[in-house]
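Sequential numbering from 1 applies to the sequence shown in the UniProt record's numbering.
Idealized CB from N, CA, C, for every residue including glycine.
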Amino acid sequence: MAKHTDNSASEQTLAIVSRHHQYWLQGDIAGIMSLYHPDIRYFDYLNNIEITRDELADYLSFTLLTPSQVTLQHTDRIRVDGDTAFIQYQYSIKRANNKAYHYRSSEALTVQDGKIIRINEYSSLMRSQEELSSTQKGKIGLDDSRLQILLQDLSDYFEKHQPYLDSRLNLAQVAQATGYTRNQISYALNNGLQKSFYEYVNLSRIEHLLLLLQQDSNRNISDVALQVGFNSSSTFYKFFKQFTGLTPKAYLKNIQA
């Protein structure tokens, strides 16, 4: 009897998750939302954020697949164990600069009372990245006054040259352009601003995006996000909310009122 019950639960889970997947591919936000439990918890571990149910429709509008820009390939069939389903896939995003970014992703979706109550999403960028070293914070040639000078030089460089508009900007490029070492820049940001290089760049992009929206609030915000250098919709959403305290939809509603 227990085995029959487990099989029934697995069959129901597979049916619900398969329908969720089809709605996702079709870009059907209403369909997706209809499958979510009132107490759903959605975790995006790539960006280390939890999206609440009230924010999910807005979040989905920025992360749903666009066939002309995104290709998705499953690397395994949907696997089910009782009330939880597991999906693995790879997807590529083609950005405005015609460069493609490739991600490896997996999701664990848990079903309760016929609805999806939890989603754990894990993604990683499938290309080499400059690794920031956090182990050498000793003899890097920065006392307090020099640290402040570095931060001002960095700010001036970002304001004048806007390197963050390049979606592939990395720490090595900024170090070469400014004449500082990667360790010096990382140390100054961590200790002077309590920010990582990744945060500093993405918040600079948000500042630029907000200036563009002030000039024309009717522009498509997803297009503007691409223009200022974001190569991930979920990363854009995270930093937009972190900087403004609002979701993109709520922010646009305020400035268009």
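Find the nearest neighbour of residue i within the set the options, judged by alpha-carbon distance.
i           : options                   : result
I32         : L46, G229, I255 and R53   : R53
K238        : F43, R19, L14 and H20     : F43
L14         : S34, S92, T181 and T84    : T84
V174        : N191, G192, L212 and F197 : F197
A177        : V80, D156, A30 and N218   : D156
Q88         : A172, S123, H102 and L154 : S123
residue 290 : N231, I40, L212 and I16   : Since the displayed the chain opens at 1 and closes at 257, residue 290 lies outside it and no answer follows.
A250        : T71, I221 and G192        : I221
G245        : L25, E55 and N48          : E55
Can you tell me which of the three DSSP states residue i falls into?
i    : result
S196 : coil
L25  : helix
I49  : strand
I206 : helix
D216 : coil
I149 : helix
R19  : helix
Q176 : helix
D54  : helix
D156 : helix
What's the gap between the Cα of residue i and the Cα of residue j?
i           : j    : result
residue 259 : E121 : Absent from the structure is residue 259, since the part of the chain shown begins at 1 and ends at 257.
R205        : L169 : 12 Å
residue 262 : I116 : Given a span of 1 to 257 for the chain in the structure shown, any question on residue 262 remains unanswerable.
L226        : L210 : 13 Å
S106        : P38  : 23 Å
N7          : H102 : 35 Å
Q242        : A188 : 21 Å
Q22         : S92  : 18 Å
V111        : G27  : 21 Å
L171        : H161 : 15 Å
T71         : I149 : 45 Å
T235        : T75  : 24 Å
F230        : G82  : 38 Å
Rounded to whole angstroms, how far is the Cβ of residue i from the Cβ of residue j, which I believe are closer than 8 Å?
i    : j    : result
Q90  : R77  : About 14 Å; that fails the 8 Å criterion.
L165 : V228 : 6 Å
Output needed for residue i: all residues of its chain with C-beta closer than 7 Å, excluding positions within five of it in sequence on either side, in chain order.
i    : result
A108 : T84, F86 and N120
F240 : I206 and P248
I51  : Y42, D44 and Y59
A57  : I29 and M33
V80  : S10, T13 and L14
L203 : F239 and F243
Residues in the same chain with beta-carbon distance under 6 Å from residue i, minus the five sequence neighbours each way, listed in chain order, please.
i    : result
S233 : F62 and T63
Y200 : L189
L147 : A188 and G192
Near residue i, what residues of its chain come up, given a Cβ to Cβ distance below 8 Å and the 5 sequence neighbours on each side ignored?
i           : result
residue 258 : Residue 258 cannot be examined here, being either before or after the span of the chain that is shown, 1 to 257.
V17         : I78, V80, A85, I87, L109, V111 and I116
G114        : Q12 and I16
I185        : L150, L154, L171, V174, A175, T178 and F197
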